[in-house]
Amino acid sequence: MSAGQAAEAPPAANGRRFPPVAELATVSLALVVIGGILLASYAPRRPPLGAPAALAAVSTILLLADVVLLGRLPEFNWARFFTFFRWALLAYVLSAGMIGFAFIHDHVRGAPLAVVTALLVLFAVDVPLIIAFTVARYSSPPHPAS
Amino acid sequence: MSDVEQLHAAPAAPPRRVVQIVPVRGLPLVAAVVVFVIVAIAGNFSWALTFCHVVGGGLWTAIDLFVGLVVGPILGRLSIPARMEFTARFMPKMVLLMPTLVLMTLAAGFQLALQEGNLAPSSPNHAWLVASYCVVGVMAVIALGVLEPANLAVLVEMRKARPDGQIIARLMKRFIYTAGITGLMQVATLIIMTRVATQ
């Protein structure tokens, strides 16, 4: 990302109303965190998976709703969105990978590992989405044509 | 005079420097820390796990308290140009430093608790550790969902040819409030961790 690219950005979308993409992703992230707390609070025993799996499912639905809302956005700075999304995704996949490694190292296997992995995938996508959307919304045109 | 008026009325603003979003020179250090934590976990090395948890946690708590309760309120009283100047130098460092410290502290801490039997339901520390998960969970949602995106958006806005003072002021307000909340929550972490260490 160069300074030149930043200088070419369209005027900021200050005052433009956006759908609650960041808010939904933050709720999705909060559900992932609650699921993670439930799982971690049972370690080293095998945790009951009902509640964490349900939280992961609701979190996935919120994330998918976010993707739909994003897809419908007119005149959004997608270039900026994807630049930040890619780099943040790399950083948070590494973070999630490290947490996953700790669980595997601690002999978490089978269904609990599947739920942990689902929660980590959601975590690794939610945070980059919030970052990329927050950055790109302020670089998008103030008033969409439609 | 409003924050935005201050921005436009700033007398003879110093020449603008290119704002760096991620300090690339810090990345090897981050990689080294991550490798160190992975080795500590893989080998179950008590000293290395304790080092990562105590050093990472000490720095994380101290920085959160200092930024939230000392730097934040000062920043809130500065003029927008002064805030921008400070932010341009301060926030890129935080973008690398805080996630690294958090990862180091939590990964090593969980492993250490497991190793020392503090996670067992019969342990007197179990309830305190679950309480600490809750505190960290709230801080994580605030930091990852609000604070970090606001930091990055401020830095991107400042890289533009004509930064929008209103956007910067709004995002900085968000940073100041959320840093204050996480700073206060760190007091709870201090109480919990000192209880765990002395039971």
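Protein chains in written order, with my numbering: chain U, 1 to 146; chain W, 1001 to 1199.
C-beta atoms are modelled at their ideal positions from N, C-alpha and C, and glycine is treated no differently.
Item: Within the segment 1087–1145 of chain W, note down every full alpha helix (DSSP H) run reaching 4 residues or more, in order along the chain.; Value: 1126–1142
Item: Give the interface partners of residue 105 (chain U) over in chain W, defined as CB-CB distance under 7 Å, in chain order.; Value: 1041, 1042
Item: Since residue 63 (chain U) and residue 125 (chain U) should fall inside the 8 Å C-beta cutoff, what is the C-beta to C-beta distance between them, to a whole number of angstroms?; Value: 6 Å
Item: Would you check if the segment 113–123 of chain U and the segment 1111–1131 of chain W touch, i.e. whether three or more CB-CB distances between them fall below 8 Å?; Value: no
Item: So which residues on chain W does residue 61 (chain U) lean against when the C-beta distance must stay under 7 Å?; Value: Per Cβ cutoff of 7 Å: no residues; residue 61 (chain U) is ~18 Å from chain W at best.
Item: Taking only heavy atoms of the ligand ADP into account, decide whether any of them is closer than 7 Å to the Cβ of residue 1050 (chain W).; Value: For the structure depicted, the ligand ADP is absent and the ligand set is empty, with no information on it obtainable.
Item: Mapping DSSP to helix, strand and coil, what is residue 60 (chain U)?; Value: helix
Item: Answer yes or no: does any C-beta atom of chain U fall closer than 8 Å to that of residue 1145 (chain W)?; Value: yes
Item: Using the C-alpha atoms, what's the distance from residue 1175 (chain W) back to residue 1093 (chain W)?; Value: 15 Å
Item: Please list, in chain order, the chain U residues whose beta carbon lies closer than 9 Å to that of residue 1111 (chain W).; Value: 102, 105, 106
Item: Let's see if you can read the secondary structure: which residues bound the alpha helix (DSSP H) around residue 126 (chain U)?; Value: 110–137
Item: Should residue 29 (chain U) be flagged as near chain W, meaning a C-beta pair shorter than 8 Å?; Value: yes
Item: Name the chain U residues that come within less than 7 Å of residue 1133 (chain W), Cβ to Cβ?; Value: 37, 40, 41
Item: In terms of residue numbering, what span does the alpha helix (DSSP H) encompassing residue 75 (chain U) cover?; Value: Element bounds for residue 75 (chain U): n/a, residue is neither H nor E.
Item: Assuming residue 141 (chain U) contacts residue 85 (chain U) under a Cβ cut-off of 8 Å, what Cβ separation, rounded to an integer in Å, is found between them?; Value: Not really, about 19 Å apart at Cβ, beyond 8 Å.
Item: What residues of chain W sit near residue 22 (chain U), judged by a beta carbon separation below 8 Å?; Value: 1145, 1149
Item: So which residues on chain W does residue 140 (chain U) lean against when the C-beta distance must stay under 8 Å?; Value: Residues of chain W passing the Cβ test: none, with the nearest at roughly 12 Å.
Item: Express the C-alpha separation of residue 1187 (chain W) and residue 1180 (chain W) in angstroms, rounding to a whole number.; Value: 11 Å
Item: For residue 116 (chain U), decide whether its Cβ has a neighbour in chain W, counting only Cβ atoms nearer than 8 Å.; Value: no
Item: How would you list, in chain order, the residues of chain W whose beta-carbon sits under 8 Å from the beta-carbon of residue 44 (chain U)?; Value: 1114, 1119, 1120
Item: DSSP three-state label for residue 20 (chain U), please.; Value: coil
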